[in-house]
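Number 661 marks the last residue of the sequence shown (my numbering); no jumps.
Don't be surprised by glycine CBs; every beta carbon is placed ideally from N, CA and C.
Bear in mind the structure is a predicted one, so any value in this text is a computation, not a measurement.
Contents: one structure, followed by commentary.
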Amino acid sequence: MDLTEKLNLMGYSATENKQLKSIEEIAEFICKHGKHGDVTILNNGELFITTIGIYLDKVADIRYRAQLMPVLAKKQKTLFSGINKVSETNEDDFTR
């Protein structure tokens, strides 16, 4: 069961504030906005999750963290694989 259903989560970043309704949305928000700065997520106005970039800093509920980590890690890997592909492409351009 997604623990998010019982929570009232609001994500905050430098560019967007958004109601978050699932673990998938939380992970997506962290990866999208964490590339440009830290993210804060509140539950009913109380601090629930903080990040340092795309990485978790503090999570108020350890059970929620356990559910979030596999989803977030997958999105982070996807993010890094995209960066590596761009880097490899740029290297190829210089060696020709």
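Through-space distance from residue j to residue i, alpha-carbon basis
| i | j | result |
| --- | --- | --- |
| I617 | Y577 | 13 Å |
| N609 | M575 | 8 Å |
| G599 | D567 | 22 Å |
| L572 | E590 | 13 Å |
| D657 | E611 | Bear in mind that the predicted position of D657 carries a pLDDT of just 48, short of 50, making it too unreliable to give a figure here. |
Where residue i falls, given that 16 or more other Cβ within 10 Å makes a residue buried
| i | result |
| --- | --- |
| I627 | exposed |
| L607 | buried |
| G602 | exposed |
| Y629 | buried |
Beta carbon of residue i nearer than 8 Å to that of residue j
| i | j | result |
| --- | --- | --- |
| F613 | V604 | no |
| K640 | C596 | yes |
| L644 | A592 | no |
| K583 | T569 | no |
| V636 | I588 | yes |
Q. What runs of the beta strand (DSSP E), each 3 residues or longer, lie entirely inside the region 575 to 625?
A. 582 to 585, 605 to 608, 611 to 617 and 620 to 624
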